[in-house]
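For reference, the structure discussed in these notes is given below.
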Amino acid sequence: MAAEKAEMDALKKECDGLRAQIEAARKAVNDGSMSAAASGVASVGRVQLKLRKTLKGHLAKIYAMHWSADSRQMVSASQDGKLLIWDCFTGNKLVAVPLKSAWVMSVAFAPSGNLVASGGLDNICTVYNIKAASPKTLRELDAHTGYLSCCRFLSDTEILTASGDTTCCLWDLETGKQKVIFTNHIGDCMSLALSPDMNTFISGACDSLAKLWDLREGACKQTFSGHTSDINAISFFQSGNAIITGSDDCQCKMYDLRSDQEVICYQDASLNAGVTSLALSSSGRLIFAGYDDFNCHIWDSLKGEKVGVLSGHDNRVSCTGVPDDGMGVCTGSWDSFLKLWN
Amino acid sequence: MKTTTEEAQAFGTMLVAYGYIYPLQNHKKLVMCNDSSLYRFQTPYFWPTQKWVPDDSDYAIYLAKRNIRKKGVLEPYEQAHYSHLHEWLNHKWDFIVMQAAEQYKAGKERKKPDRVVFDCQERAYWMVNRPPRCAHSAMDCGPERLIDPNTDEKTTFDIYRRKNMFYQQAIMRSKVKSSVSLGALVKYITTYKNHDPLLASCLPSNPWQTDHDAYWTLNMRRVEVPTKMRVERWSFSLFELLSDLRGRDDFKIFLKKEFSGENLAFWEAAEELKWGTSSSMSTKAETIFKTFLAPGAPRWINIDGRTMGLTVKGLEHPHRYVLEAAQTHVFLLMKKDTFFRYLKSPTYKDIQKKALNPEPHNFSPANLEQNALNRSPGIHPIILWQQEEEEKAKAAAASAPVDVKAMMSKIDRKK
Chain A
1 MAAEKAEMDA
11 LKKECDGLRA
21 QIEAARKAVN
31 DGSMSAAASG
41 VASVGRVQLK
51 LRKTLKGHLA
61 KIYAMHWSAD
71 SRQMVSASQD
81 GKLLIWDCFT
91 GNKLVAVPLK
101 SAWVMSVAFA
111 PSGNLVASGG
121 LDNICTVYNI
131 KAASPKTLRE
141 LDAHTGYLSC
151 CRFLSDTEIL
161 TASGDTTCCL
171 WDLETGKQKV
181 IFTNHIGDCM
191 SLALSPDMNT
201 FISGACDSLA
211 KLWDLREGAC
221 KQTFSGHTSD
231 INAISFFQSG
241 NAIITGSDDC
251 QCKMYDLRSD
261 QEVICYQDAS
271 LNAGVTSLAL
281 SSSGRLIFAG
291 YDDFNCHIWD
301 SLKGEKVGVL
311 SGHDNRVSCT
321 GVPDDGMGVC
331 TGSWDSFLKL
341 WN
Chain B
1 MKTTTEEAQA
11 FGTMLVAYGY
21 IYPLQNHKKL
31 VMCNDSSLYR
41 FQTPYFWPTQ
51 KWVPDDSDYA
61 IYLAKRNIRK
71 KGVLEPYEQA
81 HYSHLHEWLN
91 HKWDFIVMQA
101 AEQYKAGKER
111 KKPDRVVFDC
121 QERAYWMVNR
131 PPRCAHSAMD
141 CGPERLIDPN
151 TDEKTTFDIY
161 RRKNMFYQQA
171 IMRSKVKSSV
181 SLGALVKYIT
191 TYKNHDPLLA
201 SCLPSNPWQT
211 DHDAYWTLNM
221 RRVEVPTKMR
231 VERWSFSLFE
241 LLSDLRGRDD
251 FKIFLKKEFS
261 GENLAFWEAA
271 EELKWGTSSS
281 MSTKAETIFK
291 TFLAPGAPRW
301 INIDGRTMGL
311 TVKGLEHPHR
321 YVLEAAQTHV
331 FLLMKKDTFF
341 RYLKSPTYKD
351 IQKKALNPEP
361 HNFSPANLEQ
371 NALNRSPGIH
381 PIILWQQEEE
391 EKAKAAAASA
401 PVDVKAMMSK
411 IDRKK
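Chains A and B, in that order, are what the protein sequence lines are.
Each step along the first sequence adds one to the number in full-length UniProt numbering, with nothing skipped, and position 138 is 138.
Each step along the second sequence adds one to the number in full-length UniProt numbering, with nothing skipped, and position 98 is 98.
Take a look at the structure:
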């Protein structure tokens, strides 16, 4: 008994020692701050975007939306039990996909445009083929033991899901089976994002940690801490070397992957609402963060200042998205409307 | 930064939605209307910050009280709630009715204006906490978290060992100095600034603003002549050039002239293997081996011996990432050498010259209205995807290396 305890203590000591070493290593490479690096960059000034369209059609809270790779179509999911696929240029609804379970929390569009996936409190990720005359269920991916908080397609054959059971999972759509299960988080996984080169992905969870995973090795490569509450939203920077996280502690943070640390924190004393969703403009200069205070605030990613606000929703902004061509931003809210701004 | 009218309105709506201010006339719509409608401050007794749990018995008492005051005054959704509560709170219904009667009596003893105000306040409180159907309550927080990360996990040997291994790997991993990494980030943002439609105008016009889709038509996958901005993007990085399929086509033209197309062809084949169906994997792996890796292969790629050895061995049991090492090597070769030569080549300079620089649109309000009416759905992306697949098949057939042996034997047989 005593020998066991001694061994445990030795391991614990080693663990603490290693953690201290990591911190020291991080400090050692921290030879420049973001304000220093961005000192020569001109300010963007006040960013005032106009509301271009309001998309009405859902009857209940909108929980998630995702742009198609063609930057024109977009899919949104609402707890009225429907997925709606919109053509944002004309404002028309193209397809309505009825869901088996109305408690949907996440939706994704495949890069090919052939498939959409959704999932929520039913713990199942359902993949639909929208190429057919009427949407057909292609696969029901059922193995998670918690709600599905986020899903993203890698291609028409693979999909990544994040779940409230603290795991992320890579599925093979041809067999409908799990290929890799990514376990490391100790709280509900709330969101995930794929890197631009699709070799890695990041996940944010309720244990206030963001983790970087390698798809090829199936393991966690880096962990980022700093937040003090659930991380609800996470996104990759377009260059693939930095990530942005948004949390219930009312802050957004940018972490640099190569120097392995937090570089800037986006916070404002007047903002007391949690961040629900994030999206970046195509150059990465602007961060659109949706908050519980019914607004979507715009941050200058380099200077760390709030440069604008998108107001107009009557309830919290639950999802934000910028299409691949960067033309504008879409916000979806619990007030059942989607708004397009630019 | 000055607050805009919209932001002020959103803030007002938030106050109304949470019940700090309530509307007098249209009491069911919890929004701040920017007109002359009347609102009143809610008494702190009913503020959400009091953190009462508005439980069902309280709601039942409230509804019963209103029923006592005047029968038939409940809204249909309230009536539905009332019937439901009557059923499942049946065991304490006497208590509920008694409480309701007491509150009603106490209310009658107040002065009329006070009573009216209190009734409005109470009604507003219940409108926030028990909203009618299809209304959205601000008190809603979404589903509860499943796992509590703060529960003390029994730390076992295994957990410590795994943690220590993870930390050791983390320490061994090379880190880049902040100044370098952040410098690269700033450079990236500055480079792409003019290509960000939210920060710079896009030519000929932003379709969201003018309702005219010329921008999308000019930048389609298979245009003969791309735009200047698009060609400029290709010079930013090899990743950009290869991600834009039109750019990749141009790169292929250059490589054909240099007779060094095998690297890109291998890279493309590796991508196909990574993202394709698993049933096609073994055939693809075989074709790739025969075309690029086998000794004397028609499009043999020049990679170092160690990578070649590992790759060939891996191909015996192919999986999606079996070509990862070779693909990265080839990508780096192209990035460090071929890419820069391409940017200086006549092929690139030629396309730069030919590239279009569309005139910015200048629409009058009447034009804009017309544009809005003429919006068309455009080509369905699935059709574009199908066209793409057809083109790919054609290209694959056209560029398949000539099997010299088969050709010779055919000629021999003819003889």
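Built from N, CA and C at the ideal position, the CB exists for glycine as well.
Taking the alpha-carbon of residue i as reference, which of the options has the nearest alpha-carbon?
i: A:Leu84; options: A:Ser134, A:Trp299, A:Tyr255 and A:Ala37; result: A:Ser134
i: residue 376 of chain A; options: A:Phe201, A:Leu49, A:Leu18 and A:Asp248; result: Because chain A in this structure spans residues 1 to 342, residue 376 of chain A falls outside the shown range and cannot be described.
i: B:Tyr82; options: B:Tyr104, B:Asp94 and B:Tyr59; result: B:Tyr59
i: A:Thr200; options: A:Leu215, A:Met74 and A:Thr183; result: A:Leu215
i: B:His361; options: B:Lys349, B:Glu224 and B:Asp211; result: B:Asp211
i: B:Asp56; options: B:Asn129, B:Ser345, B:Pro358 and B:Glu391; result: B:Asn129
i: A:Glu7; options: B:Asp304, B:Arg161, B:Glu359 and B:Lys290; result: B:Arg161
i: B:Cys134; options: A:Lys61, A:Ser155, A:Asn114 and A:Leu194; result: A:Lys61
i: B:Gln50; options: B:Lys257, B:Tyr20 and B:Pro76; result: B:Tyr20
i: A:Ile234; options: A:Glu217, A:Ser208, A:Lys12 and A:Ser259; result: A:Ser208
i: A:Ser106; options: A:Ser191, A:Gln222 and A:Asn295; result: A:Ser191
i: A:Trp299; options: A:Gly120, A:Met254, A:Leu115 and A:Ser112; result: A:Met254
i: A:Met198; options: A:Gly187, A:Val116, A:Ile159 and A:Ser318; result: A:Ile159
i: B:Ala326; options: B:Gly309, B:Arg341 and B:Lys335; result: B:Gly309
i: A:Glu140; options: A:Lys53, A:Leu115 and A:Lys131; result: A:Leu115
i: B:Lys349; options: B:Ser282, B:Val231 and B:Glu75; result: B:Val231
i: B:Ser174; options: A:Lys131, A:Ala37 and A:Arg26; result: A:Arg26
Once DSSP output is grouped into helix, strand and coil, what is the label at residue i?
i: B:Thr191; result: helix
i: B:Asn263; result: helix
i: A:Ala219; result: strand
i: B:Cys120; result: helix
i: B:Asn129; result: helix
i: B:Ser235; result: coil
i: B:Glu388; result: helix
i: A:Ile186; result: coil
i: A:Gln48; result: coil
Counting only beta-carbon separations shorter than 8 angstroms, does residue i have a partner in chain A?
i: B:Asp19; result: The sequence shown places Gly at residue 19 of chain B, rather than the Asp named in the question. With 8 angstroms as the cut-off, B:Gly19 does not count as an interface residue toward chain A.
i: B:Arg161; result: yes
i: B:Met14; result: yes
i: B:Leu199; result: yes
i: B:Arg145; result: yes
Quick check on residue i: buried or exposed, where buried means 16 or more other Cβ atoms within 10 Å of its Cβ?
i: A:Asn272; result: exposed
i: B:Glu7; result: buried
i: B:Lys65; result: buried
i: B:Asn305; result: Correcting the residue type first, residue 305 of chain B is Gly in the shown sequence and not Asn. Exposed, by the Cβ-count rule.
i: B:Asn26; result: exposed
i: A:Met74; result: buried
i: B:Gln386; result: exposed
i: B:Trp52; result: exposed
i: B:Ile159; result: exposed
Since residue i is in the alpha helix (DSSP H), which residue starts that stretch and which ends it?
i: B:Pro23; result: Element bounds for B:Pro23: not the alpha helix (DSSP H) but the beta strand (DSSP E), Ile21 to Pro23.
i: A:Ile22; result: Ala2 to Val29
i: A:Val307; result: Where A:Val307 is concerned, there is no enclosing alpha helix (DSSP H), although the beta strand (DSSP E) it sits in stretches over Lys306 to Leu310.
i: B:His136; result: Where B:His136 is concerned, there is no enclosing alpha helix (DSSP H), given that its DSSP letter is neither H nor E.
i: B:His81; result: Pro76 to Trp88
i: A:Leu194; result: Counting along the chain, A:Leu194 falls outside any alpha helix (DSSP H), though it belongs to the beta strand (DSSP E) covering Cys189 to Leu194.
i: B:Ile288; result: Met281 to Ile288
i: B:Met14; result: Thr5 to Tyr18
Closer than 8 angstroms, CB to CB, is residue i near chain B or not?
i: A:Ser21; result: It should be pointed out that residue 21 of chain A corresponds to Gln in this sequence rather than to Ser. Answer yes: the Cβ-Cβ gap between A:Gln21 and chain B drops below 8 angstroms somewhere.
i: A:Ala210; result: no
i: A:Ser229; result: no
i: A:Ala132; result: no
i: A:Gly57; result: no
i: A:His313; result: yes
i: A:Ser283; result: yes
i: A:Phe89; result: yes
i: A:Asp165; result: yes
i: residue 354 of chain A; result: This structure does not reach residue 354 of chain A, given that chain A is present from 1 up to 342, and the question cannot be answered.
i: A:Val97; result: no
Where do the ends of the beta strand (DSSP E) carrying residue i lie?
i: A:Ala96; result: Asn92 to Pro98
i: B:Trp47; result: Neither: B:Trp47 is in no beta strand (DSSP E) and is coded neither H nor E.
i: A:His297; result: Cys296 to Asp300
i: A:Lys177; result: Lys177 to Thr183
Find the residues of chain C that neighbour residue i, judging by a C-beta separation of less than 9 angstroms, and give them in chain order.
i: B:Gly183; result: Here chain C cannot be found, since the structure's protein chains are A and B.
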